[in-house]
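**Q**
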Amino acid sequence: MIDTHAHIDSEEFDSDRNEVIDRTFAAGVEAVIVPAIEPDKFISTYGIAASYKNIFAGIGIHPHSSLSTNDDSYAKIYHYAQMEKTVAIGEIGLDYFYDFSPKDVQKDVFRKQLKIAKELNLPVIIHNRDSEDDLLQILTEEQDGNLRGVLHCFYGSLDYFQKIMDLGMHISFTGNITFKKFADQEIIRLVPEDRFMIETDSPYMSPVPFRGKRNEPLFVKYVAEKIAELKSIKIEKVIEMTTINAKNLFKLTLISLLFVLTGLKSSQAQEYEEDYPEETPRYTKPYNHFKKTLGIGFVLGTNTIVESYNPDPQDLSYEGLVSYGGTIHASPFDFLVLSGSYLYAKNEKLLVKFPFLKPNVHQQIQFTAHFLLNPRNKINFYGMAGPSILLNEYGLDNGEVDNQTRMGINAGLGFFINIPVSGAGLFAIQAEWKLDFMLGKTTRNFDPRYERNDPNGKFFRETEVSTFFSIPRLNLMWYPDLF
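Its first residue numbered 2, the sequence shown is counted upward by one per residue in the numbering used here.
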């Protein structure tokens, strides 16, 4: 058996990587291919491959990391791709599900890596998610007879499958084929013997019966068992076919022989480390291109103030008040953005009825935690809540003003539209609807529900007022690239 796709360089294996590798080979797995994802971590991925005779590396840039790709990134691909334990360019491709990088950028980076693979006569390991049309177009345009490779974790329609076969590519199956809801069983039955392989995609895609737990290369046998069941053949036949296919595509037999004969060590990885001493030891998670570490912004909204009067309970609302100010954001974690905002609004609507009054002025200082549901997507949705300080200035019937400060609670919903700009950082349009509830009541020395000359003198009685603010607002944010 050969696990043709396992990310055993990821942090999930830091505590027991050697043990995982030992039990993998002890169980009869013949070889493992570890595809890289991000240029700064090529050194650690290749280092693992160089340390074990039967572990091999793929070198490439995952679509999630496309946005940060530059000329230096391609130079690193060339460097590592020509080392003896590198057997493929990968993991490369397109991913439109998460949209971590703009589609045009993903397509450009994908195409350039396909050209590198053809130039160096290496197969490609391809990632696809929700990008079939663009992926097929690029593969068709680049297939000049020199492009070969595998689409890992394959799924899709029969039409898509047939087009991949027509392009001369291989496909690979992983633990998801053991799930009850896996819908592409017919593809497994139809795929030719010489065009498919098996993988784990460790530490992800754990097969039944280990679903929900960390995956590891040892579990590749469960993928082989499921294929044998669906094809109605013996598992030994599946293992034989997929092992031959992997060795042929990645030229593993020849590379293993060269590795043994030359006695290559992990010094090749150490050599490149001297050229890039600032590199960190491993790839952990895809870089978040929409991280909001620290930002500032302008706020503009419309403030509707709803006041509940007592005695004689009745609500009054003042709609369409312009509210403006500024905000500061800090994000200690991808899913959490903390903000401090200042808003100013002036209510002059009472002056129409009572021109002798001074306008009511409301200043809101809001401290809010925004909990992002999908922080790595281009559009982030969130819920929010936090405390407020409400500075209120009320006009009195004698022409003076009364300052009353209260605490409040703010809450609401919103979303970010992220616009990364190379060299400038991240710009974001933030739209939200926020409610701010004033705790406690304010007092007024007159009741604006009545005329000044009310025969019962109700205008001059003291009233208690409960207040909340409803503010649909738009924030224009800038998160400079400081870190």
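A virtual CB, placed ideally from N, CA and C, is assigned to each residue, including glycine. Here the structure is a predicted model, which is why all the values come from computation and not from measurement.
Taking a contact to mean a Cβ-Cβ separation below 9 Å, would you say Ile228 touches Phe251 in this structure?
**A** No, Cβ-Cβ distance for Ile228 and Phe251 is not below 9 Å.
**Q** Residues bridged to Ile56 by DSSP?
**A** Paired residue(s): Val33.
**Q** Any idea which residues DSSP pairs Tyr383 with across the strands?
**A** Tyr383 is bridged to Leu373 and Gly415.
**Q** Measuring only the C-alpha atoms, how far is Thr175 from Ala7?
**A** For Thr175 and Ala7, the distance between alpha carbons rounds to 10 Å.
**Q** In its own chain, which residues sit with a C-beta less than 6 Å from the C-beta of Glu320, not counting the 5 before and 5 after it?
**A** These residues qualify, in order along the chain: Thr305.
**Q** Quick check: the Cα distance between Asn147 and Ala89, rounded to an integer number of angstroms?
**A** Taking the straight line from one Cα to the other gives about 14 Å.
**Q** Classify Ile60: buried if its beta carbon has 16 or more other beta carbons within 10 angstroms, exposed otherwise.
**A** It is buried - the Cβ of Ile60 has at least 16 other Cβ atoms within 10 Å.
**Q** Report the three-state DSSP secondary structure of Pro333 (helix, strand or coil).
**A** Residue state, collapsed to three classes: strand.
**Q** With distances taken Cα to Cα, identify the nearest neighbour of Asp72 among Pro204, Val110, Phe372 and Pro333.
**A** Looking at the Cα atoms, Val110 is the closest of the given residues.
**Q** By alpha-carbon positions, which one of Arg149, Glu143, Leu140 and Ile126 ends up nearest to Phe155?
**A** Considering only alpha carbons, the answer is Ile126.
**Q** Just to confirm my understanding: we take Ser238, look at its own chain, exclude 5 residues before and 5 after, and list those with CB closer than 8 Å. What are they?
**A** Sequence inspection shows Lys at residue 238; the Ser mentioned does not correspond to that position. The answer, listed in chain order, is Ala229.
**Q** Would you kindly work out how many angstroms separate the C-alpha atoms of His371 and Lys379, rounded to a whole number?
**A** Between His371 and Lys379, the C-alpha separation is close to 16 Å.
**Q** From the DSSP output, in three-state form, read off His363 for me.
**A** His363: strand per DSSP, three-state reduction.
**Q** Could you check if Tyr383 is buried or exposed, using at least 16 other CB atoms within 10 Å of its CB as the buried criterion?
**A** It is buried - the Cβ of Tyr383 has at least 16 other Cβ atoms within 10 Å.
**Q** Taking Leu352 as the reference, which of Glu452, Gln364 and Gln405 has the closest Cα?
**A** Cα-wise, what sits closest to Leu352 is Glu452.
**Q** Is Gly387 buried or exposed, if buried means 16 or more other CB atoms sit within 10 Å of its CB?
**A** Looking at its Cβ environment, which holds 16 or more other Cβ atoms inside 10 Å, Gly387 is buried.
**Q** Could you give the C-beta distance for Ile490 and Thr243, rounded to a whole number, given that I count them as a contact under 8 Å?
**A** The chain is shown only over 2 to 484; residue 490 falls outside these bounds and no answer can be derived.
**Q** With DSSP run on the structure shown, which of helix, strand or coil describes Asp195?
**A** In this structure, Asp195 counts as helix in the three-state DSSP scheme.
**Q** Got a sec, what are the start and stop residues for the beta strand (DSSP E) Asn476 sits in?
**A** Thr464 to Tyr480 is the extent of the beta strand (DSSP E) around Asn476.
**Q** What number of angstroms, rounded off, separates the C-alpha of Leu436 from the C-alpha of Ile472?
**A** Leu436 and Ile472: Cα-Cα distance of roughly 6 Å.
**Q** How far does the beta strand (DSSP E) with Phe439 in it reach, from first residue to last?
**A** For the record, residue 439 in the displayed sequence is Met; it is not Phe. Unbroken beta strand (DSSP E) run through Met439: Gly426 to Met439.
**Q** Compute the beta-carbon to beta-carbon distance between Ile240 and Ala225, rounded to the nearest angstrom, for a pair I have assumed lies under 8 Å.
**A** At roughly 6 Å, the Cβ-Cβ gap stays under 8 Å, so Ile240 and Ala225 are in contact.
**Q** For Asp105, which of helix, strand or coil comes out of DSSP?
**A** Correct three-state label for Asp105: helix.
**Q** Please report how far the alpha carbon of Val362 lies from the alpha carbon of Val307, in whole angstroms.
**A** The alpha-carbon atoms of Val362 and Val307 are separated by roughly 14 Å.
**Q** Excluding the five sequence neighbours on either side, which residues of its own chain have a C-beta within less than 6 Å of the C-beta of Gln114, listed in chain order?
**A** Excluding residues within five positions, the ones whose Cβ falls inside 6 Å are Gly61, Ile90 and Ile93.
**Q** If we ignore side chains and look at the alpha-carbon of each, how far apart do Phe368 and Tyr343 end up?
**A** Distance between the alpha carbons of Phe368 and Tyr343: 9 Å.
**Q** Distance, Cα to Cα, Ser389 vs Ala412?
**A** Roughly 10 Å separates the two Cα atoms.
**Q** Quick one: measure Cβ to Cβ for Lys248 and Leu427, integer angstroms, because I've assumed they're closer than 8 Å.
**A** Going by Cβ atoms, the distance from Lys248 to Leu427 rounds to 45 Å, so no, they are not a contact pair.
**Q** With a CB to CB cut of under 8 Å and the five nearest residues on each side skipped, what residues in its chain are close to Met2?
**A** Here the set comprises Gly29, Val30, Glu31, Ile199, Val221, Lys222, Ala225, Ile240, Thr243 and Thr244.
**Q** Alpha carbon to alpha carbon, what distance is there between Ser69 and Ile49?
**A** Taking the straight line joining both Cα atoms gives about 24 Å.
**Q** Does DSSP classify Glu217 as helix, strand or coil?
**A** Correct three-state label for Glu217: coil.
**Q** Spatial neighbours of Ala331 within its chain, please: CB distance less than 6 Å, with the 5 preceding and 5 following residues excluded, ordered by chain position.
**A** Excluding residues within five positions, the ones whose Cβ falls inside 6 Å are Leu295 and Leu339.
**Q** Does the stretch 209–219 come into contact with the stretch 155–169, if we say contact requires no fewer than three beta-carbon pairs (one atom in each stretch) closer than 8 Å?
**A** No, the stretch 209–219 does not touch the stretch 155–169.
**Q** Any idea if Gly415 is buried or exposed, counting beta-carbon neighbours within 10 angstroms, 16 or more meaning buried?
**A** Buried.
**Q** Look at the alpha carbon of Glu463 and the alpha carbon of Asn454, and state the distance between them as a whole number of angstroms.
**A** Looking at the two C-alpha atoms, the distance is approximately 16 Å.
**Q** Smallest Cα separation from Thr141: which of Asp167, Asn348 and Glu120?
**A** That would be Asp167, whose Cα lies nearest to the Cα of Thr141.
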